[in-house]
Amino acid sequence: MHKKTLISTLVAFSLAGLLLGGCSSNSSSKKSSSSSDTKAAKVTKITAVGSTALQPLVEQAAQDYQASNKDVNLTVQGGGSGTGLSQVQQGAVQIGNSDIFAEQSSGIKAKQLVDHKVAVVGMTPVVNPQTGVKNVSMAQLRDIFTGKITNWQQVGGKNQKISVINRAQGSGTRATFESAVLEGKKAVTSQEQDSNGTVQKLVSTTPGAISYLAFSYVNDKVNALSINNVKPTDANVTDNKWTIWSYEHMYTKGQPDKATQGFLKYMNSGKVQGSLVNKLGYISIHDMKVTKNAKNVVAK
9 MHKKTLISTL VAFSLAGLLL GGCSSNSSSK KSSSSSDTKA AKVTKITAVG STALQPLVEQ
69 AAQDYQASNK DVNLTVQGGG SGTGLSQVQQ GAVQIGNSDI FAEQSSGIKA KQLVDHKVAV
129 VGMTPVVNPQ TGVKNVSMAQ LRDIFTGKIT NWQQVGGKNQ KISVINRAQG SGTRATFESA
189 VLEGKKAVTS QEQDSNGTVQ KLVSTTPGAI SYLAFSYVND KVNALSINNV KPTDANVTDN
249 KWTIWSYEHM YTKGQPDKAT QGFLKYMNSG KVQGSLVNKL GYISIHDMKV TKNAKNVVAK
């Protein structure tokens with residue numbers, strides 16, 4: 009009888025141990041799952057929208073930054089400077105990328121935004137390689153974009169009709185170009201495109217075409233024009249010999265949160281400013297010998 013009782017007692021203890029072990033395992037699993045969910049929830053999403061001129065730099069920098077910052081998820085989109093400024097003002101995105109100062113964009117309350125300058129971009133008129141033109145005066149360029157000059161023969165090129173391709177309203181690249189070239193005159197009515205990439209493709213394939221691009225989009229399929237025999241180079245931008253340029257701004261609505269501030273700090277780091285900026289066709293803000301304000305006043 010004593011043996012049977014002892015065996016029954018041992019069996020009972022064993023079953024209890026298994027049940028408790030199972031509960032412990034489930035509890036541990038739940039804790040592990042909860043811990044995993046908590047970790048996943050800590051990933052901060054940052055969205056940057058706007059300038060297509062700045063987009064390649066921000067995209068590559070974001071990719072590099074995320075490689076060593078797993079707690080940040082960065083999304084970079086184009087849409088134009090006007091879109092970037094509008095969306096960051098609304099609080100729809102964390103960063104609004106722009107080629108122009110917020111003060112220069114209609115409907116934007118610049119005092120609500122904080123400006124983070126991350127690079128300088130030069131912009132140049134570009135033509136289809138078959139036009140036969142490599143240099144124009146600033147006055148000739150103005151007359152082309154206001155419709156006074158309509159044939160390349162008028163500026164020493166082929167007897168070919170000029171086809172003007174403009175950027176869409178709201179484009180920071182357009183605002184910068186028109187401010188530097190048109191002197192307040194109205195641009196000729198023409199087809200409009202909303203990105204540097206699309207313009208580059210159209211100019212390269214359209215006979216007689218002319219438009220303008222950020223330096224970073226110029227390739228051997230289009231010809232960049234000199235103006236008054238000054239070539240569109242980084243060196244000429246740094247001292248304002250080449251006058252068509254702008255800062256690349258990354259605006260935040262008020263002071264950025266910690267995660268966004270971390271990425272903006274990275275954009276101004278030596279890794280980006282000393283390497284990636286030049287590699288992708290931009291100019292480091294630290295290389296500039298002049299400054300420009302929202303009223304386009306340049307000072308040394």
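One gets this note's numbering by counting positions in the sequence shown from 1 and adding 8 to each.
Cβ atoms here follow ideal geometry from the backbone N, Cα and C, with glycine treated the same way.
query = Any idea if glycine 58 is buried or exposed, counting beta-carbon neighbours within 10 angstroms, 16 or more meaning buried?
reply = Here residue 58 is taken as the residue at index 50 of the sequence shown, counted from 1. Flag for glycine 58 reads buried.
request  = For asparagine 286, name the three-state secondary structure that DSSP assigns.
outcome  = By one-based count along the sequence shown, residue 286 stands at place 278. Note: asparagine 286 maps to helix in three-state DSSP.
ask   = What residue ranges within the stretch 226–281 form continuous alpha helix (DSSP H) runs of no fewer than 4 residues, ordered along the chain?
value = If you keep only unbroken alpha helix (DSSP H) runs of at least 4 residues inside the stretch 226–281, you get 242–246 and 266–275.
task = Tell me whether the beta-carbon of phenylalanine 153 lies closer than 8 Å to the beta-carbon of valine 189.
result = For the purposes of this step, residue 153 is taken as residue 145 along the sequence shown, with counting starting at 1. For the purposes of this step, residue 189 is taken as residue 181 along the sequence shown, with counting starting at 1. Contact check for phenylalanine 153 against valine 189 passes: the beta carbons are separated by less than 8 Å.
task = Return helix, strand or coil for isoleucine 293, following the three-state DSSP convention.
result = Stepping through the sequence shown from its first residue, residue 293 is reached at position 285. Three-state result, isoleucine 293: helix.
inquiry  = Just to confirm the assignment: which complete alpha helix (DSSP H) runs, minimum length 4, are found wholly within the stretch 78–140?
reply    = Taking only runs of at least 4 residues, the alpha helix (DSSP H) segments lying wholly in the stretch 78–140 are 89–98.
ask   = Alpha carbon to alpha carbon, what distance is there between alanine 302 and alanine 118?
value = Translated into the one-based positions of the sequence shown, residue 118 becomes position 110. Translated into the one-based positions of the sequence shown, residue 302 becomes position 294. Distance between the alpha carbons of alanine 118 and alanine 302 is about 11 Å.
key: Cβ distance (whole Å) where tyrosine 274 is taken to contact alanine 69 below 8 Å   = Within the sequence shown, residue 274 is the residue found at index 266, counting from 1. Within the sequence shown, residue 69 is the residue found at index 61, counting from 1. With a Cβ gap of about 7 Å, tyrosine 274 and alanine 69 count as contacting.
task = Might you give, ordered along the chain, the residues of its own chain that have their beta carbon closer than 8 Å to the beta carbon of threonine 184, omitting 5 neighbours on each side?
result = As a working mapping, residue 184 is identified with position 176 in the sequence shown. Result list for threonine 184: Asp107, Ile108, Met131, Ile252, Trp253 and Ser254, in chain order.
ask   = Are valine 141 and glycine 165 touching if we call contact CB-CB under 8 Å?
value = In the sequence shown, residue 141 corresponds to position 133, counting from 1. In the sequence shown, residue 165 corresponds to position 157, counting from 1. The answer is yes: Cβ separation under 8 Å.
query = Between the C-alpha atoms of threonine 91 and alanine 176, what's the straight-line distance to the nearest angstrom?
reply = Counting from one through the sequence shown, the residue named residue 91 turns up at place 83. Counting from one through the sequence shown, the residue named residue 176 turns up at place 168. Spanning the two alpha carbons is a distance of roughly 12 Å.
query = Can you tell me the Cα-Cα spacing of valine 135 and aspartate 228, whole angstroms?
reply = The count along the sequence shown starts at 1 and reaches residue 135 at position 127. The count along the sequence shown starts at 1 and reaches residue 228 at position 220. Inter-residue distance for valine 135 and aspartate 228 is about 11 Å (C-alpha atoms, whole angstroms).
message = Report the CB separation of isoleucine 293 from valine 128 in whole angstroms; it is logged as a contact under 8 Å.
response = Counting from 1 along the sequence shown, the entry for residue 293 is found at position 285. Counting from 1 along the sequence shown, the entry for residue 128 is found at position 120. Between isoleucine 293 and valine 128 the beta-carbon gap is near 6 Å, inside 8 Å, which marks them as a contact.
message = I need the DSSP call for leucine 65, collapsed to helix, strand or coil.
response = Start at 1 with the first residue of the sequence shown, and residue 65 comes out as number 57. Leucine 65 falls in the helix class under three-state DSSP.
request  = Reducing DSSP to helix, strand and coil, say where lysine 53 ends up.
outcome  = One-based indexing of the sequence shown puts residue 53 at position 45. If DSSP states are grouped into helix, strand and coil, lysine 53 belongs with the strands.
inquiry  = Please classify serine 89 as buried or exposed, where buried requires at least 16 other C-beta atoms within 10 Å of its C-beta.
reply    = Taking the sequence shown and counting its residues from 1, the one referred to as residue 89 is at position 81. In the assembly as shown, serine 89 is a buried residue. Its beta-carbon has 16 or more other beta-carbons within 10 Å.
inquiry  = Using 8 Å as the threshold, is the C-beta distance between alanine 56 and glutamine 98 below it?
reply    = Counting from one through the sequence shown, the residue named residue 56 turns up at place 48. Counting from one through the sequence shown, the residue named residue 98 turns up at place 90. Contact annotation: alanine 56 and glutamine 98 have beta-carbon atoms that are not nearer than 8 Å.
key: Spatial neighbours of alanine 217 in its chain, beta-carbon cut-off 7 Å, leaving aside the 5 residues before and after   = Indexing the sequence shown from 1 puts residue 217 at position 209. The answer, listed in chain order, is Val135, Asn136, Ser171, Ile173, Leu210 and Val211.
Simplified DSSP state of valine 189, which is helix, strand or coil = Here residue 189 refers to the residue found at position 181 of the sequence shown. Three-state result, valine 189: helix.
message = Can you tell me where the alpha helix (DSSP H) holding asparagine 311 begins and where it ends?
response = This structure gives no information on residue 311, because the portion of the chain shown stretches from 9 to 308.
N- and C-terminal bounds of the beta strand (DSSP E) containing glutamine 1 = The structure shown does not extend to residue 1, since the chain spans only 9 to 308, so no value can be given for it.
Classification of glutamine 112 by the beta-carbon crowding that lies within 10 angstroms, buried from 16 upward = Position 104 of the sequence shown holds residue 112. Answer is buried; the Cβ neighbour count reaches 16.
Beta-carbon contacts of valine 306 that lie in its chain and below 6 Å, excluding the five residues immediately before and after = Taking the first residue of the sequence shown as position 1, residue 306 is located at position 298. These residues qualify, in order along the chain: Asn248, Val298 and Lys300.
query = Could you give the distance in angstroms between the alpha-carbon of valine 144 and the alpha-carbon of tyrosine 220?
reply = Here residue 144 refers to the residue found at position 136 of the sequence shown. Here residue 220 refers to the residue found at position 212 of the sequence shown. If you take the alpha carbons of valine 144 and tyrosine 220, they lie about 14 Å apart.
query = Is serine 224 helix, strand or coil when you go by DSSP?
reply = Residue mapping note: residue 224 aligns to position 216 of the sequence shown, counting from 1. Residue state, collapsed to three classes: helix.
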